[in-house]
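Read top to bottom, the protein sequences are chains A and B. By my numbering, the letter at position 417 of the first sequence is numbered 1450, and the numbering carries on one by one without gaps. By my numbering, the letter at position 146 of the second sequence is numbered 299, and the numbering carries on one by one without gaps. Structure first, then comments.
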Amino acid sequence: MKAYYGKRATAENDFGYNWIPKITDDHSFFEYLYAIADGKMDGMFLMGQNSAVGAPNSRFQRKSMAKLKWFVVRDMVEIEPATFWRDSPEIERGELKTEEIETEVFFLPAAGHAEKEGAFTNTQRLLQWREKAVDPPGDCRSEAWFIHQLALRLIEKARASNDLIDEPLRALDWWYAEDEIGEPKMEAVLAEINGWHTDHVAAVADRGPHGGVLFPQDRQGQSHHGPQVADYNELKADGSTACGCWIYSGVFNRDGVNKANTRQSRDYLGHGWGFAWPSDRRIIYNRASAKPDGAPWSERKKLVWWESEKWTGIDVPDFKPNKSPDHIPKDGQSGLDGQRGDAPFILHEDGLGWLFVPKGLQDGPFPTHYEPLESPVRNELYSRDTNPVVNWFTRGENRFAPPGDPRFPFVLTTYRLTEHHTAGGMSRFLSHLAELQPEMFVEISPELATDLKIDNRDYVCLVTLRGAIEARALVSRRIRAMQLNGQTVHQVAIPFHFGTAGPLRGDAANDLVAISGEPNVTIMESKAMSCNIVPGRLPRGAAYRDWLDRYAPQSGPPNLHPEQPPPGAPTGGKFSRGQGKHGKAE
Amino acid sequence: MIGEGTQSTNQRRHNYVRENVDVGFFTDPTVCIGCKACEVACKEWNEVPDDGFTWSGSSYDNTGRLGASTWRHVLFLEQDRQKGNQIVGSSGDGADPFRWVFLSDVCKHCEEAGCLEACPTGSIIRTEVGSVFVQNDVCNGCGYCVVSCPFGVIDRRPEPLADAGGAFKCTFCYDRQKSGLVPACAKVCPTESIVFGRLDDLRARAHERVRQLRENGYGDAQLYDPQETSVRGIHAFFLILGEPEAYGLPPKPEVPTIYLRSAWLSAFATMIAAILVVFATFFFFA
């Protein structure tokens, strides 16, 4: 709170807690997409994403964009979301009309990764600093620049207003200085993330070369804060410290060394190269590398051990430093104190490693098999075909074919090519990558190609209940038919990088993919669905609708799958513990 | 080789140019993953233009062949043959063999180079490290080198690309090598399928690799390194599975200049014959 609101955050106003916007609903990607489609969301910032190509049911995504009042797209090239109002397939097909779209689209040029500085954190918890190699060309700027400039303008507007709703903006402590092209100093942001003492003359030990104060001045040149905290152990709840993100604390502390930018490994765990949160701990639960008595299991792979009445070692111990291996908690002790000295997995209540997760997940505890939401075969394992707690996101524009639907006899899967990067914004527009995979194609087995009378390089159409695309047939023995429940099921495979913008030709694979969500973190199912293949070219223009209606009738109920709930209804009956609105249980 | 990290010859700085050391590329398709990073790095470093967005329908190969604007070319070979001990297909008994082999092809930098022999301007030269280098400011675009390359590597760049008309091919990143850097393709190869280093060293490592592969079920692994023919050895040599023809590599590459003697002889014989015919005709009618 002190990092957000600075001096405005006091004990009297609960450090400004009430100024923080509260989550009022499920605001995840698919939920707000539906909110946009229903006209419940006015505007959107799209940064570093291309949902008109790279998100499931991209045809529905594009059509929904036209419901926005304003739409800010930031990218290095003019990607499809920036031009959907002008040259999307929906415009060509007459499903959208440019003159009827009221969306105000702002396209802002973005800086590439070598044109901006900052830190990135990988899944191994390692923060690594990235320096700017060159200034971005022309008006291209980093995301940090955009957020910074937007914040400055919004704060200025809020200051001119008396409305109470603008108070959180007026209270914001937006102190960051800028460089000559208006980019905020990213190391100042990192210093704030590390945290500091708010008192300029705070009494702290080891003040370091600069008195321990980094980036001391605010935008007016006034002294802004005191010395850095050494790590999160120095943070206090009384407002005497401020910290942007406690888990990163220690990355840029009083010694003035940006540890995310260090590049000299001292040991085989990589200490000295970047900074692993928290506390530069490279391996979590590293107590497990030592036997219950505290001696390493392996001399060669030892990480931490118990020595001279404390935990020490190559890594930073992920354990209370003075908790002895034979510690037994007393009755009534809880939290870390309630865990034994030989229990390394400290984030689990019992401190033990778990073979399965007994709580917290919507499904489980053990892995099992359900068929994909669309499948040409029934589930051999259970009477149910699909996961009872899955999120279907039932909607007319997002329908699923029932099991074994004869209209969609083939299995379709999507994948990536090494030559392209996700929705292609960083590869399709670069000639040296584009020439290596220049056109949308579908991989088909020789057997299926013979059945359908398709030759290599022929144009074919792929159709699902969501839409239809055109692709060149790439006939290869790499693709094999599957034997499922005694029947031969053919599968085809398509890359998902192509779209209408840029120098290459290719429809978006995601026009075929349905929006769905596995029950825990709403990852969509885009690796298996059922489709039909129609040899020949896909009709362009208005003829597309009639063609699509022939192969995938667009009328009828939104829940064709017998296990699919109607729109807005909970799914899965008594087994469901899902949350949310769209086909999820409360 | 893989696992050597910064100690690999692909990552080490060197003094080969100053020390006049013969260098080479050893390319091993058994570890190639077909990422084409070599093609991209080559074009980026050498500022080679793209040569068209044409989808080939031939596996994942949309490059086609080496040429004036393609100095690295990753071949994608789909064969109904077994790859090492790998079993594919649903039967699991190897009765339905199939393999997908990737090989990054490049100018071979012949000991006896057809292009260099044929070049009338002296544009094509041999460098300190034994590579064959085209000086594009000297090249007059006559195209003799194009027909003289036994591997079909060098070509003239067509309109409307930059520097159209001149002959281009792999420079072995001579500019990088002069600065002690490794050629761009080898530098970026993530699996070290392309290895750059001293030619004698690479040959020893390549023979060891073939032995290793044969021991591990790759019965058809062999080196493509023709030294018995008139090209007298190549600086960029390959490990291949099966026969060279499948990779578009001639089993017995020859430098066209070896035919010079017979060509001159037959020309001389033709001239003598022609004179005799003229004289004979003269005497016949006289």
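Note that the Cβ used here is the ideal one computed from N, Cα and C, for glycine as well. Fair warning: this is a prediction, and the values are worked out from it, not measured in the lab.
I'd like to know if residue i contacts chain A, where contact means its C-beta is closer than 9 Å to some C-beta of that chain.
i: B/E192; result: yes
i: B/T216; result: yes
i: B/E231; result: yes
i: B/S383; result: no
i: B/Y132; result: Beyond the ends of chain B as shown, which are 154 and 439, falls residue 132 of chain B; an answer cannot be given.
i: B/T324; result: no
i: B/P321; result: For the sequence presented, residue 321 of chain B should be read as Phe rather than Pro. It does not: the Cβ of B/F321 has no partner Cβ on chain A nearer than 9 Å.
i: B/E311; result: Per the sequence shown, residue 311 of chain B should be read as Pro rather than Glu. Not an interface residue.
i: B/C188; result: yes
In whole angstroms, what is the alpha-carbon distance linking residue i and residue j?
i: A/L1205; j: B/F349; result: 57 Å
i: B/D328; j: B/D308; result: 21 Å
i: A/E1123; j: B/R252; result: 42 Å
i: A/T1274; j: A/P1354; result: 24 Å
i: A/Y1050; j: A/V1554; result: 27 Å
i: A/Y1281; j: A/R1158; result: 10 Å
i: A/L1101; j: A/G1076; result: 6 Å
i: A/A1193; j: A/L1185; result: 13 Å
i: B/T104; j: B/G217; result: What is shown of chain B runs 154 to 439, which leaves residue 104 of chain B out entirely.
i: A/G1127; j: A/G1072; result: 21 Å
i: A/Q1637; j: A/H1402; result: For chain A, the structure presents residues 1034 to 1619; residue 1637 of chain A sits outside this window and is missing.
i: A/P1599; j: A/L1141; result: 40 Å
i: B/L352; j: B/G305; result: 23 Å
i: B/A266; j: B/C302; result: 7 Å
i: A/G1616; j: A/V1423; result: Any reading at A/G1616 needs caution, since the residue's pLDDT is 41, under 50, leaving its predicted position unreliable; the model's value is listed next. Roughly 8 Å between the two C-alpha positions.
i: A/W1306; j: A/A1270; result: 31 Å
i: A/V1086; j: A/F1093; result: 11 Å
i: A/K1035; j: A/H1230; result: 10 Å
i: B/S346; j: B/C338; result: 10 Å
i: B/R279; j: B/L413; result: 21 Å
i: B/G294; j: A/F1062; result: 58 Å
i: A/N1083; j: A/P1114; result: 6 Å
i: B/D378; j: B/F391; result: 7 Å
i: B/F255; j: B/A374; result: 14 Å
i: A/Q1372; j: A/K1343; result: 17 Å
i: A/G1289; j: A/T1154; result: 20 Å
i: A/D1383; j: A/W1279; result: 25 Å
i: A/H1233; j: A/A1293; result: 25 Å
i: A/Y1037; j: A/L1247; result: 18 Å
Does any C-beta atom of chain B lie closer than 9 Å to the C-beta of residue i?
i: A/E1133; result: no
i: A/A1467; result: yes
i: A/A1506; result: yes
i: A/D1537; result: According to the sequence as given, residue 1537 of chain A is Leu; it is not Asp. Closer than 9 Å to some Cβ of chain B, the Cβ of A/L1537 qualifies, so yes.
i: A/R1299; result: no
i: A/N1489; result: yes
i: A/R1510; result: yes
i: A/S1464; result: yes
Quick one: measure Cβ to Cβ for residue i and residue j, integer angstroms, because I've assumed they're closer than 8 Å.
i: A/A1235; j: A/A1221; result: Not really, about 19 Å apart at Cβ, beyond 8 Å.
i: A/K1149; j: A/P1169; result: 7 Å
i: A/P1442; j: A/P1409; result: 6 Å
i: B/G177; j: B/Y213; result: At roughly 27 Å, the Cβ-Cβ gap does not stay under 8 Å, so B/G177 and B/Y213 are not in contact.
i: A/G1646; j: A/V1262; result: This structure leaves residue 1646 of chain A out entirely; chain A is present only between 1034 and 1619.
i: B/V298; j: B/A271; result: Note on residue identity: the sequence assigns Cys, not Val, to residue 298 of chain B. Sure, about 5 Å apart at Cβ, within 8 Å.
i: A/V1546; j: A/P1089; result: 4 Å
i: B/R225; j: B/C191; result: 5 Å
So if I threshold CB-CB distances at 7 Å, which residues from the region 414-432 of chain B count as touching chain A?
none
Could you name the residues of the region 1469-1487 of chain A whose beta carbon sits closer than 8 Å to any beta carbon of chain B, in the order they occur along the chain?
L1469, Q1470, P1471, E1472, F1474
Please identify, using Cβ separations under 9 Å, the residues of the region 1442-1454 of chain A that lie next to chain C, in order along the chain.
Of the chains in the structure shown, none is chain C; the protein chains are A and B.
Contact set between the region 192-210 of chain B and chain A, restricted to residues whose Cβ is under 8 Å from the partner:
E192, V193, K196, E197, P202, D203, D204, G205, F206, T207, W208, G210
Would you check if the region 1453-1466 of chain A and the region 1567-1584 of chain A touch, i.e. whether three or more CB-CB distances between them fall below 8 Å?
no
Given 8 Å, three or more beta-carbon pairs between the region 278-286 of chain B and the region 403-422 of chain B
no
Does the structure place the region 1350-1367 of chain A close enough to the region 1410-1418 of chain A that three or more beta carbon pairs sit under 8 Å?
no
Just checking, does the region 1547-1561 of chain A make contact with the region 1486-1493 of chain A on the three C-beta pairs under 8 Å criterion?
Between the region 1547-1561 of chain A and the region 1486-1493 of chain A, the count of C-beta pairs closer than 8 Å stays below three; the two stretches do not touch.
Could you tell me whether the region 1470-1479 of chain A touches the region 1494-1508 of chain A, where touching means 3 or more Cβ pairs closer than 8 Å?
yes
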